[in-house]
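Final position of the sequence shown in the UniProt record's numbering is 466; the numbers increase by one with none missing. Report on one structure; see the data block that follows.
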Amino acid sequence: MESNEQRNLLDLSLSLKKENIVEDLRKGSLFYIFLSFDLVNSTELKEKFPTDWHLTIQRFYQLTNKEISSKIEDIKVWKYYGDEIIFYYKPKTIESIIALFELASSALKSIIDALHKFNETQRKLISVKSVIWSASVAESDNQTYDTLTPKENLRNIQVSLNSFYDKPLLDFIGSDIDLGFRIAKFSMREKIVVSAELMFFLLKVNFEAKLKKSEFLSKFRIIGYEKLKGIWLGRHYPIIWYYENWDNIKNTFYYDDKKEFPLVENIVNQNTKNIDELENIFEQVERSFIYDEFNDAFEYNKSFIDSERYLSLSMNAKLAEVHCVALVFNKEGNRLLIAKRKSTKKRFPDIWEFGCSQLEKNKSLIQSIEYGYKEDFGINIKVINRLPFSEYEILSENEGCIPGFIYLAKLIDENADIRPNCEKHQEVKWISESDIEELDEMLFVPEAKSNMKKGFDLIKKHSGQL
């Protein structure tokens with residue numbers, strides 16, 4: 001009988017929108033929000049408490065990790081950076097972004113209070129500040145910096161460092177990533193500085209309730225403008241703070257804060273700007289494209305969340321049999337690999353197909369495909385879509401309904417010697433798009449010609465972005 005896991009996996013596949021699969025091929029960038037918490041006066045802490053400063057920093061890490069991880073679902077630690085801890089988050093709704101700010105503000109206060117209770121003698125010395133910024137990031141499955149797959153937008157990329165470490169580890173690099181570290185110096189104790197790009201996106205994006213949007217945006221103010229190294233070609237950058245109660249913010253400053261932090265004077269003198277100013281600013285610096293870029297990535301997040309759940313099911317479900325198929329194209333994308341099944345095969349003897357692997361234990365569908373095609377044909381391939389572009393079912397008397405999922409892939413080494421497994425296939429060859437109409441459907445697995453046409457259409461849309 002068909003297992004519940006099989007049905008869940010198949011139902012999820014069938015529910016994924018085909019337009020999302022095309023977008024997966026065409027864009028491939030995700031919308032990330034980065035959240036940083038930094039210990040204030042850590043250098044002074046080390047000088048004044050030379051024997052136990054490390055206990056405070058250790059406690060800071062523990063408190064911050066616990067507070068954020070318990071309050072914000074699916075947020076992950078990116079790195080520990082000196083006396084700073086940085087998280088990354090892929091929001092799927094506007095509501096989750098609003099909640100992120102509210103929870104980050106609440107966590108900031110809780111962390112500071114807990115640190116002061118941990119060591120009362122350090123109360124007057126240490127505090128915590130925060131930075132929130134965003135970027136659209138092109139993901140890469142490659143494990144080294146020198147083999148990155150080019151994307152349409154290379155301003156920011158995510159790199160897997162799995163080959164260098166014992167556990168999964170990601171790094172993010174790019175100009176928008178650097179921005180967060182540039183604006184960090186304009187935050188201060190108990191405050192959150194926010195990137196202008198993220199605020200520009202939130203200013204223009206649709207909220208379900210206009211009243212809620214107005215209330216949320218009122219918590220942000222432009223407190224001044226500063227030049228940042230390598231940012232905006234030397235133009236002055238808007239420094240934005242998030243604060244829950246601007247009417248009370250004056251009471252949070254020390255008497256000499258204006259000397260140490262000149263932008264405080266703008267706040268004290270009520271010389272701040274509404275974030276509505278950003279629309280004009282971004283037009284003047286010719287960066288209005290940021291909204292479309294972020295919005296596209298944000299929309300892509302939604303399909304990617306489905307993809308992650310889909311892959312999670314495929315990795316964890318204990319399935320009797322799940323088929324994983326790749327339409328393997330050459331590097332130019334103008335030829336497709338097909339293989340003729342052995343005459344001794346129980347299913348589809350002497351029939352042409354695209355190759356087929358099975359879901360491996362502890363491997364995702366994509367990993368299973370790349371592993372399976374190496375085993376069956378002796379070739380290294382790269383699956384280029386996170387979601388299948390087609391699916392099928394095989395009815396089996398013994399195992400019920402066997403689900404199958406079809407992906408696109410490209411041959412990594414054009415000069416590879418294709419060596420089919422003699423137990424599975426008797427012949428392989430390449431065909432072009434013009435060959436499809438002449439093929440005898442009776443000699444191919446069901447829906448083969450239809451899937452070939454879809455595959456060539458999708459690979460053409462993907463052309464030049466690999």
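Idealized CB from N, CA, C, for every residue including glycine.
Classify residue 453 as helix, strand or coil using the three-state DSSP reduction.
Counting from one through the sequence shown, the residue named residue 453 turns up at place 453. DSSP places residue 453 in helix when its eight states are reduced to three.
What does DSSP give as the partner residue(s) for residue 191 in the beta ladder?
The residue you call residue 191 lines up with position 191 of the sequence shown. Partner(s): none; residue 191 has no beta bridge.
State the start and end residues of the unbroken alpha helix (DSSP H) segment that holds residue 264.
Mapped onto the sequence shown, residue 264 falls at position 264. Run containing residue 264: 263 to 268, per the alpha helix (DSSP H) assignment.
Quick check on DSSP: helix, strand or coil for residue 347?
As a position in the sequence shown, residue 347 is number 347, starting the count at 1. Three-state DSSP puts residue 347 in coil, outside helix and strand.
Of all the beta strand (DSSP E) runs that stay within the bounds of the region 34 to 118, which reach a length of 3 or more residues?
76 to 81, 84 to 89, all fully within the region 34 to 118.
Which residue comes first and which comes last in the alpha helix (DSSP H) that contains residue 202?
Counting from 1 along the sequence shown, the entry for residue 202 is found at position 202. Segment 196 to 204, the alpha helix (DSSP H) holding residue 202.
Given a cut-off of 9 Å on the beta-carbon distance, is the pair residue 68 and residue 99 in contact?
For the purposes of this step, residue 68 is taken as residue 68 along the sequence shown, with counting starting at 1. For the purposes of this step, residue 99 is taken as residue 99 along the sequence shown, with counting starting at 1. No, Cβ-Cβ distance for residue 68 and residue 99 is not below 9 Å.
Which residue or residues does DSSP assign as beta-bridge partners of residue 236?
Start at 1 with the first residue of the sequence shown, and residue 236 comes out as number 236. Answer is 227.
Mind checking which residues open and close the beta strand (DSSP E) that includes residue 182?
Sequence index remark: in the sequence shown, residue 182 carries index 182 (1-based). Per DSSP, residue 182 belongs to no beta strand (DSSP E); it is in the alpha helix (DSSP H), 175 to 183.
Please tell me whether residue 202 and residue 135 are closer than 9 Å, where the distance is taken between their beta carbons.
The residue labelled residue 202 in the question sits at position 202 within the sequence shown. The residue labelled residue 135 in the question sits at position 135 within the sequence shown. Against a cut-off of 9 Å, the Cβ pair of residue 135 and residue 202 comes out as no contact.
Just to confirm, is the Cβ distance from residue 239 to residue 260 under 9 Å?
Here residue 239 corresponds to residue number 239 of the sequence shown, with the count starting at 1. Here residue 260 corresponds to residue number 260 of the sequence shown, with the count starting at 1. No. Outside cutoff.
Identify which residue in 253, 216, 29 has its Cα closest to the Cα of residue 138.
Translated into the one-based positions of the sequence shown, residue 138 becomes position 138. Nearest of 253, 216, 29 to residue 138, Cα basis: 29.
Are the CB atoms of residue 246 and residue 330 nearer to each other than 9 Å?
Along the sequence shown, one-based indexing puts residue 246 at 246. Along the sequence shown, one-based indexing puts residue 330 at 330. Result no, Cβ atoms of residue 246 and residue 330 do not sit closer than 9 Å.
Where residue 475 and residue 31 are concerned, what is the direct C-alpha to C-alpha distance, given to the nearest angstrom?
Given a span of 1 to 466 for the chain in the structure shown, any question on residue 475 remains unanswerable.
Please state if the CB of residue 338 and the CB of residue 353 are separated by a distance shorter than 9 Å.
Indexing the sequence shown from 1 puts residue 353 at position 353. Indexing the sequence shown from 1 puts residue 338 at position 338. In this structure, residue 338 lies closer than 9 Å to residue 353 by Cβ.
With residue 377 as the anchor, note down where its alpha helix (DSSP H) starts and where it stops.
Against the sequence shown, residue 377 aligns to sequence position 377. 365 to 377 is the extent of the alpha helix (DSSP H) around residue 377.
Between the region 269 to 288 and the region 111 to 126, can you find at least three pairs of beta-carbon atoms closer than 8 Å?
Touching, no.
At a cut-off of 8 Å, would you count residue 285 as near the ligand ZN, judging by its Cβ distance to the nearest heavy atom?
The model depicted lacks the ligand ZN and carries no ligand whatsoever.
Can you check DSSP and say which residues form a bridge with residue 129?
Translated into the one-based positions of the sequence shown, residue 129 becomes position 129. Residue 129 pairs with 38.
With DSSP as the reference, label residue 207 as helix, strand or coil.
Here residue 207 corresponds to residue number 207 of the sequence shown, with the count starting at 1. Reduced to three states, the DSSP call for residue 207 is coil.
Whole-angstrom Cβ separation of residue 39 and residue 128, contact assumed at under 8 Å?
Position 39 of the sequence shown, counted from the first residue, corresponds to residue 39. Position 128 of the sequence shown, counted from the first residue, corresponds to residue 128. Residue 39 to residue 128, Cβ: 6 Å. Contact.
Looking at the unbroken beta strand (DSSP E) that takes in residue 124, where does it start and where does it end?
Here residue 124 is taken as the residue at index 124 of the sequence shown, counted from 1. Here residue 124 belongs to no beta strand (DSSP E), and DSSP marks it neither H nor E.
Hey, would you say residue 106 sits closer than 9 Å to residue 63, going by beta carbons?
Here residue 106 is taken as the residue at index 106 of the sequence shown, counted from 1. Here residue 63 is taken as the residue at index 63 of the sequence shown, counted from 1. No.
Rank 417, 383, 323, 350 by C-alpha distance to the C-alpha of residue 358 and give the top, closest one.
Indexing the sequence shown from 1 puts residue 358 at position 358. Comparing Cα-Cα distances from residue 358 to each of 417, 383, 323, 350, the minimum goes to 323.
Would you mind giving the Cβ-Cβ distance between residue 81 and residue 33, rounded to the nearest angstrom? I have them listed as a contact below 8 Å.
Position 81 of the sequence shown holds residue 81. Position 33 of the sequence shown holds residue 33. With a Cβ gap of about 17 Å, residue 81 and residue 33 do not count as contacting.
Just checking, does the region 219 to 237 make contact with the region 250 to 258 on the three C-beta pairs under 8 Å criterion?
Touching, no.
Let's test the definition: count the other Cβ atoms within 10 Å of the Cβ of residue 412 and tell me whether it reaches 16, buried, or not, exposed.
As a working mapping, residue 412 is identified with position 412 in the sequence shown. Result: exposed.
Could you give the DSSP three-state label for residue 31: helix, strand or coil?
Residue 31 sits at position 31 when you count from the first residue of the sequence shown. In the structure shown, residue 31 sits in a strand (DSSP, three-state: E or B).
Short check: CB of residue 439 to CB of residue 448, under 9 Å?
Locating residue 439 in the sequence shown gives position 439, where the first residue counts as 1. Locating residue 448 in the sequence shown gives position 448, where the first residue counts as 1. Contact: yes.
Less than 7 Å between C-beta atoms, sequence neighbours within five positions excluded: which residues of the same chain meet that for residue 216?
Here residue 216 refers to the residue found at position 216 of the sequence shown. Within the same chain, residue 216 has close Cβ partners 98.
Is the beta carbon of residue 355 less than 9 Å from the beta carbon of residue 410?
Walking along the sequence shown from the start, residue 355 turns up at place 355. Walking along the sequence shown from the start, residue 410 turns up at place 410. Their beta carbons are not under 9 Å apart, which means residue 355 does not touch residue 410 by this criterion.
Could you pull the DSSP bridge partners for residue 358 from this structure?
Position 358 of the sequence shown, counting from 1, holds the residue named residue 358. Answer by DSSP bridge pairing, in chain order: 323.
Is the separation between the beta-carbon of residue 184 and that of residue 36 shorter than 9 Å?
Reading the sequence shown from its first residue, position 184 is the one you call residue 184. Reading the sequence shown from its first residue, position 36 is the one you call residue 36. Yes, the pair counts as a contact, with Cβ atoms nearer than the cut-off.
Rounded to whole angstroms, what's the CA-CA distance from residue 282 to residue 200? Just pull it up for me.
Position 282 of the sequence shown, counted from the start, is the residue given in the question as residue 282. Position 200 of the sequence shown, counted from the start, is the residue given in the question as residue 200. Distance between the alpha carbons of residue 282 and residue 200: 8 Å.
Please classify residue 134: does DSSP put it in a helix, a strand, or coil?
For the purposes of this step, residue 134 is identified with residue 134 of the sequence shown, where counting begins at 1. In the structure shown, residue 134 sits in a strand (DSSP, three-state: E or B).
Taking the alpha-carbon positions, what's the residue 252 to residue 302 distance?
Position 252 of the sequence shown, counted from the start, is the residue given in the question as residue 252. Position 302 of the sequence shown, counted from the start, is the residue given in the question as residue 302. Rounded to the nearest angstrom, the two C-alpha atoms are 39 Å apart.
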